[in-house]
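Top line first, the protein sequences correspond to chains A and B.
Just so we're aligned: 111 in the working numbering is position 104 of the first sequence, and the numbers increase by one with no gaps anywhere.
Just so we're aligned: 91 in the working numbering is position 84 of the second sequence, and the numbers increase by one with no gaps anywhere.
Step one of this worksheet: look at the structure below.
2 protein chains.
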Amino acid sequence: MTLVEEDVSLMFAALADPTRRSILGKLAEGDATVGELAEPFAMTQQAISKHLKVLERAGLISRSRTAQSRPCRLEAERLDAAVEWIARHRRTWSERYDRLDAHLENIRRPESEKEPSK
Amino acid sequence: MTLVEEDVSLMFAALADPTRRSILGKLAEGDATVGELAEPFAMTQQAISKHLKVLERAGLISRSRTAQSRPCRLEAERLDAAVEWIARHRRTWSERYDRLDAHLENIRRPESEKEPSK
DNA sequence: CCGTTGCACAACTTATAGGTTGTTTACTCT
DNA sequence: AGAGTAAACAACCTATAAGTTGTGCAACGG
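And the structure:
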């Protein structure tokens with residue numbers, strides 16, 4: 008699950024575009040088809056399709072092949088990776104943020120698994 | 008301190024480049040001059056200078072005018088903004104991450120200011 | 001079986017990103 | 001004043017990003 012540098016680049020690059028961030032926001036409310044995602048934008052369906060491909064390469068969404076439509080699903084876990092990358096580098100920058108890092112450790116595993124010691 | 012959409016774009020775009028991320032990593036160890044930052048890379052000083060300009064526009068570094076050199080300083084706080092953006096959107100995606108959001112609220116203010124209530 | 005809908009693929013245009021070389025500015029040192 | 005060093009500025013090249021139009025194709029719905 009730990010990312011190589013290129014993954015990080017793809018992720019941040021994907022997040023750098025407002026249209027794509029908007030798409031992610033919409034997907035947060037639930038899975039959606041390409042048409043549904045394209046509708047609010049003053050942009051062709053093809054353009055949105057390209058954006059979705061970028062998001063898919065970045066691992067931020069996945070697409071199933073249901074009949075004639077291709078619903079997109081948000082892969083929210085991938086966003087953890089972004090936060091984690093920042094946190095990991097941030098650790099050296101200010102020890103105050105060790106706590107953020109520790110916190111991320113915790114939320115990445117189910118409640119029950121939390122280590123009481125250490 | 009809350010970011011407008013364009014700031015977010017600039018930030019993520021700045022983080023999308025491996026060279027720039029590497030520069031940030033180096034700056035984490037302390038302030039450095041352009042020359043020092045350029046040294047490890049197989050790249051001209053001018054190219055690094057451009058990268059620094061991108062990082063500066065994104066608010067991730069600042070530069071003082073000390074004599075003949077221009078030391079760069081990491082503006083780590085700005086990275087909070089990135090994490091915060093993700094967390095804010097993430098909130099709707101899974102309520103499990105409310106805790107991350109709440110945590111960020113806390114670390115963004117000094118220890119002493121923490122609100123005990125609410 | 002034929003029209004429509006939902007989406008991807010291909011080719012093209014324009015702008016921007018990332019790099020180069022060449023030059024200029026500004027300070028320091030002698 | 002003049003040489004050397006630190007870094008920015010300018011013009012240019014090339015690749016890619018973001019959009020377009022046009023087309024193809026698969027799956028339904030009469």
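Ideal Cβ positions, reconstructed from N, Cα and C, are used throughout, including at glycine.
What is the C-beta distance between valine 61/B and alanine 21/B, in whole angstroms, given that I count them as a contact (C-beta under 8 Å)?
Here residue 61/B refers to the residue found at position 54 of the second sequence. Here residue 21/B refers to the residue found at position 14 of the second sequence. For valine 61/B against alanine 21/B, the beta-carbon gap comes to about 5 Å, under 8 Å, which counts as contact.
Are there 16 or more other CB atoms within 10 angstroms of the CB of methionine 18/B, so buried, or fewer, so exposed?
For the purposes of this step, residue 18/B is taken as the residue at position 11 of the second sequence. It counts as buried.
Report the neighbours of serine 16/B on chain A: residues whose CB is nearer than 9 Å to its CB, in chain order.
Locating residue 16/B in the second sequence gives position 9, counting from the first residue. Leu22, Ala23, Asp24, Pro25, Arg28, listed in chain order.
Under a Cβ-count criterion, where at least 16 other Cβ atoms within 10 Å of its own Cβ denotes burial, should alanine 83/B be classed as buried or exposed?
Here residue 83/B refers to the residue found at position 76 of the second sequence. With 16 or more Cβ atoms within 10 Å of its Cβ, alanine 83/B is classed as buried.
Whole beta strand (DSSP E) runs in the region 53-81 of chain A with 3 or more residues, listed along the chain?
Restricting attention to beta strand (DSSP E) runs no shorter than 3 residues, the region 53-81 of chain A encloses them at 68-70, 79-81, ordered along the chain.
Three Cβ pairs or more, each shorter than 8 Å: is that satisfied between the region 57-77 of chain B and the region 62-74 of chain A?
no
Return the bridge partner residues of alanine 39/A from the DSSP annotation.
Here the question's residue 39/A lines up with position 32 in the first sequence. The partner list for alanine 39/A (beta bridge, DSSP) reads Cys79/A.
Less than 8 Å between the C-beta atoms of leucine 81/A and leucine 10/A, yes or no?
For this step, residue 81/A is matched to residue 74 along the first sequence. For this step, residue 10/A is matched to residue 3 along the first sequence. No, these two residues do not count as a Cβ contact at 8 Å.
Between the Cα of alanine 23/A and the Cα atoms of Cys79/A, Gln53/A, Phe48/A, Leu67/A, which residue gives the shortest distance?
Position 16 of the first sequence, counted from the first residue, corresponds to residue 23/A. Nearest of Cys79/A, Gln53/A, Phe48/A, Leu67/A to alanine 23/A, Cα basis: Leu67/A.
Taking only beta-carbon atoms, is valine 66/B less than 8 Å away from chain A?
Taking the first residue of the second sequence as position 1, residue 66/B is located at position 59. Here residue 66/B turns out to be glycine, not valine, going by the sequence shown. Taking Cβ atoms only, chain A never reaches closer than 8 Å to glycine 66/B, which makes this a no.
Once you ignore the five residues that flank aspartate 14/B on each side, which residues in its own chain have a CB closer than 6 Å to its CB?
The count along the second sequence starts at 1 and reaches residue 14/B at position 7. Result list for aspartate 14/B: empty, nothing under 6 Å.
Using beta carbons (cut-off 8 Å, strictly below), is isoleucine 55/B in contact with chain A?
By 1-based counting over the second sequence, the position of residue 55/B is 48. Cβ-Cβ to chain A under 8 Å: no for isoleucine 55/B.
Taking 8 Å as the CB-CB limit, is phenylalanine 48/A close to chain B?
Position 41 of the first sequence, counted from the first residue, corresponds to residue 48/A. No, because no Cβ of chain B sits closer than 8 Å to the Cβ of phenylalanine 48/A.
Kindly list, in the order they appear in chain B, the residues whose Cβ is closer than 7 Å to that of aspartate 43/A.
In the first sequence, counting from the first residue as 1, residue 43/A sits at position 36. Sequence check: residue 43/A is glutamate here, not aspartate. Result: empty, since nearest Cβ-Cβ is about 17 Å, beyond 7 Å.
Report buried or exposed for arginine 95/A, applying the criterion of at least 16 other Cβ atoms within 10 angstroms of its Cβ.
Counted from its first residue, the first sequence places residue 95/A at position 88. Exposed.
Contact criterion: CB-CB distance below 8 Å. Does valine 90/B meet it with respect to chain A?
Position 83 of the second sequence, counting from 1, holds the residue named residue 90/B. Chain A, which has a Cβ nearer than 8 Å to the Cβ of valine 90/B, makes this yes.
Find the nearest neighbour of proline 47/B within the set Arg27/B, Leu86/B, Arg97/B, Ala65/B, judged by alpha-carbon distance.
For this step, residue 47/B is matched to residue 40 along the second sequence. Looking at the Cα atoms, Arg27/B is the closest of the given residues.
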